[in-house]
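S.K.: Starting off with a structure, shown below.
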Ligand SMILES: [Fe+2]
Ligand SMILES: [Fe+2]
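Numbering (the numbering used here), first residue to last: 571 to 762.
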C-alpha cells in the first residue's frame with residue numbers, strides 16, 4: 571500500500587471492498603440473466619442485464635477514485651451459484667439491501683468524516699442507484715412468487731441506465747436529467 575497516504579488507508583480499503591462487491595454483483599447478474607432467459611423470464615433477464623451494467627459503472631467509478639488515492643483496483647471474482655430464477659432474484663434483492671442499509675452508509679460516514687469528496691461522490695452514486703435496483707428486484711420477486719409470468723417479468727423490455735451513476739429506470743424519458751447525478755437523459759443507455 572505504498573502510494574496511499576496514511577489518512578486515506580481506511581477509505582481505500584472501503585473503496586476496494588465496494589469495488590469487489592460491485593464487480594461480483596456484475597458477474598452474478600450476468601449469470602442470472604442467462605438463467606432467467608432459459609426460464610422464459612425475459613423481462614427479469616432484462617433487469618439483470620441493466621443492473622449488471624449499472625454495477626459495472628459503479629465498479630469503474632470506485633476504481634477511478636482508488637487510483638486517484640494511490641491504490642490499485644484489483645479483486646477476486648468468485649464463482650457464481652446459479653439457483654432458480656426466484657432464488658436468484660431474492661439473492662439480488664438481498665445484496666442490494668445489504669449495500670443500501672449497511673455497506674454504503676458505513677463507507678459514506680467514513681468518507682464524510684475524512685471529507686474525501688471523490689469517495690463521497692462515488693459511494694453516493696452507488697447507494698442511490700442501488701435503491702432503484704432494490705425497488706425493481708422487489709417488484710420482480712413479488713411477481714415471480716405470484717407466478718405472474720404474463721407480467722413484465724415474462725417479456726424482454728428496455729431499461730434505462732445512467733452512464734455516470736448507474737441510476738436505473740424502466741420508464742423512458744422519466745426525467746430531463748438523472749435525479750441522482752444530473753446527467754442529461756439523452757445520455758442514458760438502453761439495456762434490454
Ligand atoms: Fe445494484
Ligand atoms: Fe446519474
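Built from N, CA and C at the ideal position, the CB exists for glycine as well.
The structure presented is a predicted model; accordingly, all values stated were derived computationally and were not measured.
Starting from residue 758, trace the beta strand (DSSP E) in both directions and tell me its first and last residue.
M.R.: Per DSSP, residue 758 belongs to no beta strand (DSSP E) and is neither H nor E.
S.K.: Please work out which residues of its chain come closer than 8 Å, Cβ to Cβ, to residue 751, disregarding the five sequence neighbours upstream and downstream, and give them in chain order.
M.R.: 695, 732, 734, 735, 737
S.K.: Flag residue 612 as yes when its Cβ comes closer than 6 Å to any non-hydrogen atom of ligand 1, and as no otherwise.
M.R.: Because no heavy atom of ligand 1 lies under 6 Å away, the Cβ of residue 612 does not count as near it: no.
S.K.: Return helix, strand or coil for residue 711, following the three-state DSSP convention.
M.R.: helix
S.K.: Under the criterion of a Cβ to heavy atom distance below 6 Å, does residue 751 qualify as lining ligand 2?
M.R.: yes
S.K.: Do the segment 662 to 669 and the segment 584 to 603 touch if we need at least three Cβ pairs shorter than 8 Å?
M.R.: yes
S.K.: Looking at the secondary structure, which residues open and close the alpha helix (DSSP H) in which residue 604 lies?
M.R.: 579 to 608
S.K.: Alpha carbon to alpha carbon, how far is residue 642 from residue 574? Give it in angstroms, no decimals.
M.R.: 10 Å
S.K.: Rounded to a whole number of angstroms, what is the C-alpha to C-alpha distance between residue 670 and residue 610?
M.R.: Roughly 29 Å separates the two Cα atoms.
S.K.: For a test of the three-state rule: what should DSSP assign to residue 635, helix, strand or coil?
M.R.: helix
S.K.: Does ligand 4 have even one heavy atom less than 6 Å from the beta-carbon of residue 737?
M.R.: The model on display carries ligand 1 and ligand 2 but not ligand 4.
S.K.: One question on the structure: do residue 619 and residue 603 come within less than 7 Å of each other, judged by their Cβ atoms?
M.R.: yes
S.K.: Considering just the uninterrupted stretch of the beta strand (DSSP E) at residue 731, what are its terminal residues?
M.R.: 729 to 731
S.K.: For residue 591, which residues from the same chain have a beta carbon less than 6 Å from its beta carbon, with the 5 sequence-adjacent residues on both sides left out?
M.R.: none
S.K.: Is it the case that the Cβ atoms of residue 678 and residue 693 are separated by a distance below 7 Å?
M.R.: yes
S.K.: Straight-line CA distance for residue 757 to residue 583?
M.R.: Going from the Cα of residue 757 to the Cα of residue 583 covers about 31 Å.
S.K.: Starting from residue 718 and walking both ways along the alpha helix (DSSP H), at which residues does that stretch end?
M.R.: Element bounds for residue 718: n/a, residue is neither H nor E.
S.K.: Would you grab the beta carbon distance between residue 691 and residue 613 for me? Rounded to a whole angstrom, and I think it's under 8 Å.
M.R.: That pair is no contact at about 32 Å.
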